[in-house]
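There are 2 protein chains.
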Amino acid sequence: MTEASARRRSPRGGGEQLRADIIAAVKDLLIETDGVEAVSIRAVAQRVGVTAPSIYLHFADKDALIDAVVSDVFAELDAAIASAAAGVSTPLARLLAEGVAYVRWAVEHPEHYRVAVMQTDHTPPDVDDVIREGAFARLMETVQECIAAGIFPPGDPLPLALELWTSAHGVAALVIAKPYIPWGDVETLARRALTAAGLGHAVEGLFGGDEDFEAIASWVRKRRASRQN
Amino acid sequence: MTEASARRRSPRGGGEQLRADIIAAVKDLLIETDGVEAVSIRAVAQRVGVTAPSIYLHFADKDALIDAVVSDVFAELDAAIASAAAGVSTPLARLLAEGVAYVRWAVEHPEHYRVAVMQTDHTPPDVDDVIREGAFARLMETVQECIAAGIFPPGDPLPLALELWTSAHGVAALVIAKPYIPWGDVETLARRALTAAGLGHAVEGLFGGDEDFEAIASWVRKRRASRQN
DNA sequence: GGCATAACTTACCGACGTTAACTTATCGGC
DNA sequence: GCCGATAAGTTAACGTCGGTAAGTTATGCC
Numbered sequence: 006m007t008e009a010s011a012r013r014r015s016p017r018g019g020g021e022q023l024r025a026d027i028i029a030a031v032k033d034l035l036i037e038t039d040g041v042e043a044v045s046i047r048a049v050a051q052r053v054g055v056t057a058p059s060i061y062l063h064f065a066d067k068d069a070l071i072d073a074v075v076s077d078v079f080a081e082l083d084a085a086i087a088s089a090a091a092g093v094s095t096p097l098a099r100l101l102a103e104g105v106a107y108v109r110w111a112v113e114h115p116e117h118y119r120v121a122v123m124q125t126d127h128t129p130p131d132v133d134d135v136i137r138e139g140a141f142a143r144l145m146e147t148v149q150e151c152i153a154a155g156i157f158p159p160g161d162p163l164p165l166a167l168e169l170w171t172s173a174h175g176v177a178a179l180v181i182a183k184p185y186i187p188w189g190d191v192e193t194l195a196r197r198a199l200t201a202a203g204l205g206h207a208v209e210g211l212f213g214g215d216e217d218f219e220a221i222a223s224w225v226r227k228r229r230a231s232r233q234n
Numbered sequence: 006m007t008e009a010s011a012r013r014r015s016p017r018g019g020g021e022q023l024r025a026d027i028i029a030a031v032k033d034l035l036i037e038t039d040g041v042e043a044v045s046i047r048a049v050a051q052r053v054g055v056t057a058p059s060i061y062l063h064f065a066d067k068d069a070l071i072d073a074v075v076s077d078v079f080a081e082l083d084a085a086i087a088s089a090a091a092g093v094s095t096p097l098a099r100l101l102a103e104g105v106a107y108v109r110w111a112v113e114h115p116e117h118y119r120v121a122v123m124q125t126d127h128t129p130p131d132v133d134d135v136i137r138e139g140a141f142a143r144l145m146e147t148v149q150e151c152i153a154a155g156i157f158p159p160g161d162p163l164p165l166a167l168e169l170w171t172s173a174h175g176v177a178a179l180v181i182a183k184p185y186i187p188w189g190d191v192e193t194l195a196r197r198a199l200t201a202a203g204l205g206h207a208v209e210g211l212f213g214g215d216e217d218f219e220a221i222a223s224w225v226r227k228r229r230a231s232r233q234n
C-alpha cells in the first residue's frame, strides 16, 4: 500500500493546497483500484498524509468530492479534444478528429471516463454550462461549421451535436464496460462508427421520404451495383 | 421501509425458491434506491423475510448475486426486442425497430440497464455466449439479412452489428446518465440516431474513397441543392 | 419416532462514511 | 518575543456495510 509520509500542516490560508492534493489523490486511486466505491475517504486521506475527517474541511461529503474530480476530468477531456482538433482545417474532417480523440481519451482513461460520463451525476450541473462551454460547446461549433459548409442540413445544431455525442459515447462506453467483446482496434472502430454517423446525418432526407426505407434500399442497391463494374 | 413478514422455512430441496425471490427483491430494490451500492445484502434479506447470511447460501458474494440479476435483466431486454421486431417484414425496418426497442426498454428500466450494461462486469461472461445468443445474436441476424438484401456491403456482419450496438447504447446510456440534457423525445432521438447510423453504413464507400471527405461533402452539397428546387 | 441434514439464525469481524469534540500550529498585533 | 485568535488539523465514536464461523431448528426419509 502506498502511503504518504506525514504531512506538514499547511500555513494559514493555504488549505487550498490540500484540496488540490486530495483531488489528485482520488484520480490516482481511481486508476489503481476500480470504481468510485472502491476509493475510500480513508484511503484518500492516507494518500495525502492526513486523517480522514480532514477531507471534510474541503468537501461536504464524498459525492461533493467526486463532483470536483469529475469537473477536473472534463477539463482534461476537453483539452485532449482541443489538441486533436487544432490544425485540422476542413469542418467534416475536424468533426471526425474530435470524435476520434474523444473516444481515444476515454479508452485511455477508462476509470476517469467512467466516473465522469458513465454514471448518473449526484448533483446535476447547470445545463447551460454543459452546453455552452467545454467539450460539448466545441463539438457544437464544429457541427455549425459543417452546416455552414452545406454538409449537414441547415437548422439548429444542437440536436445534431447531441446525436453525434451519443455516437462517440456509445463506442467509448461499451468498449470500457465490455472489454472482452472482440471490438478490434478501437481507433478503427471509432473512425468507422463516427464516419457512419456523420455520413448518415449528411445524406438524411436526400433519397426519398425520410422513413421510406424501400426507397433508400433500392437507391443503395443500384448505386452499389453500378460501382461494382 | 417495506419488510416482508417472517418467511416460512422452505421444504427440503426447495431452497431454489429463495434464490429466485432474492433476485426479484434485488430488482425491486434497484428501482427503489439508486445504484447497486445502495442495495445492501441486509435490505435484500429483509425484503425476502430472511436474515442476511442466508443470502450466502445461494450466492458466493454480492458480485455473484448482481451477476445473476444481470442475466435476468438481459433476458428481459432480449424479450422486449424480440416482441418489437415480430411482424416487421423488411430487414432495414426491422433493424430500426429492434434498435428503437432497445433504447426504449433501457430508458424505461434505467436502474436495470445501468447495472447490466453501463458497468464493467465483475466476472466477464463467455464471449461466445454473448455473441451467439440473446439480443446481440438477434441483431446480428438482422444485419445479415440487410447484407443479403444489398443494403449493407457484403462481408462479416459482426463488425457492423457491433457498431450498431454502440449507436443504440450511446443514446440509451447518455440519456440515462445525463437526464438533465435537453434530449427531447427519446424515441425520436433514438430513431434519428439509429437511422443515421444505418444509413451511414449503407452508403459508406459509395461516393469517393472512404476517407475522401471533400468528395463526400461535394456530393452532398450538389444533391442537397438539386433537391431544393 | 428417530436421525441425518438442508435451511436457516446469532454473534461477530474489520472497513466504510460521517460527526462532534478536542488539540495544535500559525501569524498579525503589541 | 510572546500572546491570543483561529485555521488546520486530530481522536474517538456511531451506525451500516459485506462477509464468516459456529450454532440451531425444522423437514422428510427410514
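Just so you know, the sequences run in chain order L and X.
In this text, residue positions in the first sequence follow the numbering used here: the first is 6, and each later residue adds one.
In this text, residue positions in the second sequence follow the numbering used here: the first is 6, and each later residue adds one.
The beta-carbon is built from N, C-alpha and C at its ideal position, and this holds for glycine as well.
Query, Result
"Delimiting residues of the alpha helix (DSSP H) encompassing X/P164", "P162 to A182"
"Cα-Cα separation, X/A102 to L/I46", "46 Å"
"Buried versus exposed call for L/V132 [16 or more other C-beta atoms within 10 Å across all chains shown]", "exposed"
"Beta-carbon proximity check, X/R12 vs X/V55, cutoff 8 Å", "yes"
"Residue span of the alpha helix (DSSP H) that contains X/Y118, given as start and end", "P115 to V122"
"Segment limits, alpha helix (DSSP H) that includes L/I60", "That residue, L/I60, is in no alpha helix (DSSP H); it is neither H nor E in DSSP."
"Selected residue, minimal CA-CA separation from L/G160, among L/S172, L/H174 and L/M145", "L/M145"
"Chain-order list of residues whose beta-carbon lies under 8 Å from that of X/P96 (same chain, five-residue window excluded)", "T147, E150, C151, A153, A154 and I156"
"Residues of its chain near L/E138, where Cβ-Cβ distance is below 7 Å and the 5 sequence neighbours each way are ignored", "none"
"Rounded straight-line distance, which links the Cα of X/A87 to that of X/R143", "8 Å"
"Residue range of the unbroken alpha helix (DSSP H) whose run includes X/R137", "V132 to R137"
"Enclosing alpha helix (DSSP H) for L/A154 [first to last residue]", "No alpha helix (DSSP H) holds L/A154; DSSP gives it neither H nor E."
"Range of the contiguous alpha helix (DSSP H) that encloses X/F79", "K67 to A90"
"Residue-chain proximity (L/I186, chain X), Cβ-Cβ < 8 Å", "yes"
"Beta-carbon gap between L/I238 and L/V49 smaller than 8 Å", "Only positions 6 to 234 of chain L appear in this structure, which leaves residue 238 of chain L out of reach."
"Contact set between the region 170-186 of chain X and chain L, restricted to residues whose Cβ is under 9 Å from the partner", "W170, T171, S172, A173, H174, G175, V176, A177, A178, L179, V180, I181, A182, K183, P184, Y185 and I186"
"Beta-carbon gap between X/E168 and L/R229 smaller than 8 Å", "no"
"Among L/D217, L/W188, L/A111 and L/G189, nearest to L/A140 - alpha-carbon criterion", "L/A111"
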